[in-house]
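Residue numbers (our numbering): 2 to 448. Note that CB positions come from ideal geometry on N, CA and C, so glycine has one too.
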Ligand code: GLU
């Protein structure tokens, strides 16, 4: 396999699909050496098969807004790879959603799900629907219209969507209600991220953020350092940032920045319990403004419009919002400000130039597919509980999540250790994730 050759073919076949091509290239660069030591991979054309999704559904979603006007959006589900299990991955509702974005996310999902060591294939979906400023009734009608199309293609043993940007517990509730009515069965494993009481798992809302901080804790320990007193900058203030802020604060670190599309809130004393709770209120308001934090906690949260979280001096930087949200310039500013660790929590949150800058400066950098895998892992645990008709307690789920994150960390070290003893977490995650999928594909024949 030659990365350049494969990329040239893909660029010709999928022109303009920038995010998809970016995600594929990152993986290919990491695995090239290992891949070429396995002639059986080349013979079975594992890479040529893996980069193309099994199938993509595109559908029209028509709904009626509160003014009585008819609205039409585009919905998608990318069923990428099922070598390890039924397709699994979130649904994203955001105006920028398109095929390239969902293909990049679905591709990442294959490796992330593989890292969890659970039987999960990779998929992703969503719609170019913007939840900002929408009423509850509009969200419900949109979710119902979306499910009219999607329901036939999902199911616990077929494809199990969950939340992602713009899709949280409320949306999963509306989606599941519609699914249940259309499918005429209470098949709880068909969607994850359900609320506790009707099939949801305790700790699922916290899982992505908790898992990320469990991973960061290991990165810090690796350098014989400790979490206590560390200053952490997080971007976003949604579900993922909320879970990360909760766990980081519990471990004695100080969350000194949160950001939104409108700017950054600096928190010189760190976030406290009240602020963490207020993040949920801000998210539920669907205003999408971090300034609300400064208005609520004057003096404790200082808002600067137009700035990113990366302008705030910190020891640990964790992008938690959107892909490519950290540029090379942002990375250079963080390095100049003495950042010690960077862990992507958002999928592909850092631009390639940012990653290269951290690696060149010797700042440990871990990629989203490893750091944020706790979310989908806990979705896997939710499916297990649904299948067994049982509910685990919060400490039981948390302990399993913690173990999964520790195992992922260990695999990244095993596959990412370099000759000088340092760890390339990007290579580690990509190679470890790839090997499990490739071996499963080989075993299952040319299909
Ligand atoms: N959207 C989340 C992710 O990117 C969660 C997916 C899931 O739970 O299926 O991994």
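Self-check item: CB contact flag (residue 164, residue 173, <8 Å)
Solution: Position 163 of the chain shown, counted from the first residue, corresponds to residue 164. Position 172 of the chain shown, counted from the first residue, corresponds to residue 173. Yes, these two residues count as a Cβ contact at 8 Å.
Quiz item: By how many angstroms is the C-alpha of residue 306 removed from the C-alpha of residue 237?
Solution: Within the chain shown, numbered from 1, the residue matching residue 237 stands at position 236. Within the chain shown, numbered from 1, the residue matching residue 306 stands at position 305. Each residue's alpha carbon lies about 14 Å from the other.
Practice problem: Return yes when the Cβ of residue 346 is within less than 8 Å of the Cβ of residue 377, no when it is not. | Solution: As a position in the chain shown, residue 377 is number 376, starting the count at 1. As a position in the chain shown, residue 346 is number 345, starting the count at 1. No, these two residues do not count as a Cβ contact at 8 Å.
Quiz item: Sorry if obvious, but does the Cβ on residue 118 come closer than 7 Å to a heavy atom of the ligand GLU?
Solution: One-based indexing of the chain shown puts residue 118 at position 117. No, the Cβ of residue 118 stays beyond 7 Å of every heavy atom of the ligand GLU.
Quiz item: Whose CA, out of 217, 72, 53, lies closest to the CA of residue 62?
Solution: In the chain shown, counting from the first residue as 1, residue 62 sits at position 61. The shortest C-alpha separation from residue 62 is found at 72.
Quiz item: Taking residue 404 as the reference, which of 255, 339, 215, 141 has the closest Cα?
Solution: As a first step, residue 404 must be located in the chain shown, where it is residue number 403. Ranking 255, 339, 215, 141 by Cα distance to residue 404 puts 215 first.
Practice problem: Determine the extent of the alpha helix (DSSP H) in which residue 126 is found, giving its start and end residues. | Solution: Taking the chain shown and counting its residues from 1, the one referred to as residue 126 is at position 125. Residue 126 -> not in any alpha helix (DSSP H); beta strand (DSSP E) instead, spanning 123-128.
Quiz item: Just to check, is the beta-carbon of residue 239 closer than 7 Å to a non-hydrogen atom of the ligand GLU?
Solution: Numbered from 1 along the chain shown, position 238 holds the residue referred to as residue 239. Result no, Cβ not under 7 Å from the ligand GLU.
Practice problem: Report yes if the C-beta of residue 364 is less than 7 Å from at least one heavy atom of the ligand GLU; otherwise report no. | Solution: Counting from one through the chain shown, the residue named residue 364 turns up at place 363. No, the ligand GLU has no heavy atom inside 7 Å of this Cβ.
Quiz item: With DSSP run on the structure shown, which of helix, strand or coil describes residue 185?
Solution: Taking the first residue of the chain shown as position 1, residue 185 is located at position 184. Of the three classes helix, strand and coil, the one that applies to residue 185 here is coil, per DSSP.
Quiz prompt | Inter-residue Cα distance where the pair is residue 144 and residue 170 | solution = Here the question's residue 144 lines up with position 143 in the chain shown. Here the question's residue 170 lines up with position 169 in the chain shown. Cα to Cα, the separation comes out at about 12 Å.
Quiz item: What alpha helix (DSSP H) runs, 4 residues minimum, are completely inside the stretch 359-397?
Solution: 369-372, 374-389
Practice problem: Below 6 Å CB to CB, which residues in the same chain sit around residue 1 once its five sequence neighbours on both sides are set aside? | Solution: Summary: the structure shown does not reach residue 1, with the chain confined to residues 2 through 448, and so no result is reported for it.
Practice problem: Would you mind sorting residue 437 into buried or exposed? The rule is 16 or more other CB atoms within 10 Å of its CB. | Solution: Within the chain shown, the letter at position 436 stands for residue 437. Counting the other Cβ atoms within 10 Å of the Cβ of residue 437 gives 16 or more, which makes it buried.
Quiz prompt | 7 Å CB neighbourhood of residue 358 in its chain, flanking five on each side removed | solution = Residue mapping note: residue 358 aligns to position 357 of the chain shown, counting from 1. Closer than 7 Å at the Cβ level, and outside the excluded window around residue 358, lie 329, 332, 333, 336.
Exercise. With DSSP collapsed to three states, give me the class of residue 30.
Key: Indexing the chain shown from 1 puts residue 30 at position 29. It is helical.
Quiz prompt | Segment limits, alpha helix (DSSP H) that includes residue 286 | solution = Within the chain shown, the letter at position 285 stands for residue 286. 274-286 is the span of the alpha helix (DSSP H), which, as asked, contains residue 286.
Self-check item: Between the CA atoms of residue 32 and residue 432 - distance to the nearest angstrom
Solution: Numbered from its first residue, the chain shown carries residue 432 at position 431. Numbered from its first residue, the chain shown carries residue 32 at position 31. C-alpha separation (whole angstroms): 5 Å.
Exercise. Take residue 467 and list the residues in its own chain whose beta-carbon comes closer than 6 Å to its own, dropping the five residues that flank it on each side.
Key: Look at the range of the chain in this structure, 2 to 448, and you will see that residue 467 is not part of it.
Quiz item: According to the Cβ coordinates, are residue 122 and residue 86 closer than 8 Å?
Solution: As a first step, residue 122 must be located in the chain shown, where it is residue number 121. As a first step, residue 86 must be located in the chain shown, where it is residue number 85. The answer is yes: Cβ separation under 8 Å.
Practice problem: Count the other CB atoms, across all protein chains shown, that sit within 10 Å of the CB of residue 419; report buried if there are 16 or more and exposed otherwise. | Solution: As a first step, residue 419 must be located in the chain shown, where it is residue number 418. Classification for residue 419: exposed.
Quiz item: With distances taken between CB atoms, is the gap from residue 23 to residue 353 smaller than 8 Å?
Solution: Locating residue 23 in the chain shown gives position 22, counting from the first residue. Locating residue 353 in the chain shown gives position 352, counting from the first residue. The answer is yes: Cβ separation under 8 Å.
Quiz item: Looking only at C-alpha atoms, which of 423, 381, 401, 411 sits nearest to residue 361?
Solution: Mapped onto the chain shown, residue 361 falls at position 360. When only C-alpha atoms are compared, the closest one is 423.
Quiz item: For the putative contact between residue 308 and residue 350, defined by C-beta atoms under 8 Å, what is the C-beta separation to the nearest angstrom?
Solution: Translated into the one-based positions of the chain shown, residue 308 becomes position 307. Translated into the one-based positions of the chain shown, residue 350 becomes position 349. Wrong, their Cβ atoms sit about 17 Å apart, outside the cutoff.
Quiz item: In three-state terms, what does DSSP make of residue 267?
Solution: The residue given as residue 267 occupies position 266 in the chain shown. It is a strand residue.
Exercise. May I ask which residues mark the beginning and end of the beta strand (DSSP E) holding residue 234?
Key: Along the chain shown, one-based indexing puts residue 234 at 233. Start and end: 232-235.
Exercise. Helix, strand or coil for residue 347, going by three-state DSSP, please let me know.
Key: The residue given as residue 347 occupies position 346 in the chain shown. Reduced to three states, the DSSP call for residue 347 is coil.
Exercise. Mind the definition here: the stretch 271-280 touches the stretch 252-262 only if three or more C-beta pairs lie below 8 Å; say whether that holds.
Key: yes
Quiz item: Which residue comes first and which comes last in the beta strand (DSSP E) that contains residue 428?
Solution: One-based indexing of the chain shown puts residue 428 at position 427. That residue, residue 428, is in no beta strand (DSSP E); its alpha helix (DSSP H) goes 426-444.
Quiz item: What's the call for residue 49, buried or exposed, on a 16-neighbour Cβ count within 10 Å?
Solution: One-based indexing of the chain shown puts residue 49 at position 48. It is exposed - the Cβ of residue 49 has fewer than 16 other Cβ atoms within 10 Å.
Exercise. Look at residue 204 and residue 399 and say whether their C-beta atoms are less than 8 Å apart.
Key: Here residue 204 refers to the residue found at position 203 of the chain shown. Here residue 399 refers to the residue found at position 398 of the chain shown. Going by C-beta atoms, residue 204 is nearer than 8 Å to residue 399.
Self-check item: Simplified DSSP state of residue 67, which is helix, strand or coil
Solution: Numbered from its first residue, the chain shown carries residue 67 at position 66. Looking at residue 67 - three-state DSSP - the assignment turns out to be coil, as it is neither helix nor strand.
Practice problem: With DSSP as the reference, label residue 317 as helix, strand or coil. | Solution: Against the chain shown, residue 317 aligns to sequence position 316. It is a strand residue.
Quiz item: Run through DSSP, which three-state label would residue 94 get?
Solution: In the chain shown, residue 94 corresponds to position 93, counting from 1. Of the three classes helix, strand and coil, the one that applies to residue 94 here is strand, per DSSP.
Exercise. Could you tell me how far apart the beta carbons of residue 301 and residue 270 are, in whole angstroms, since I believe they sit closer than 8 Å?
Key: The residue you call residue 301 lines up with position 300 of the chain shown. The residue you call residue 270 lines up with position 269 of the chain shown. The pair is a contact, with the Cβ atoms about 6 Å apart (cut-off 8 Å).
Quiz prompt | The beta strand (DSSP E) enclosing residue 255, as first and last residue numbers | solution = To locate residue 255, count along the chain shown from 1; it is residue 254. In the DSSP assignment, residue 255 falls within the unbroken beta strand (DSSP E) covering 255-261.
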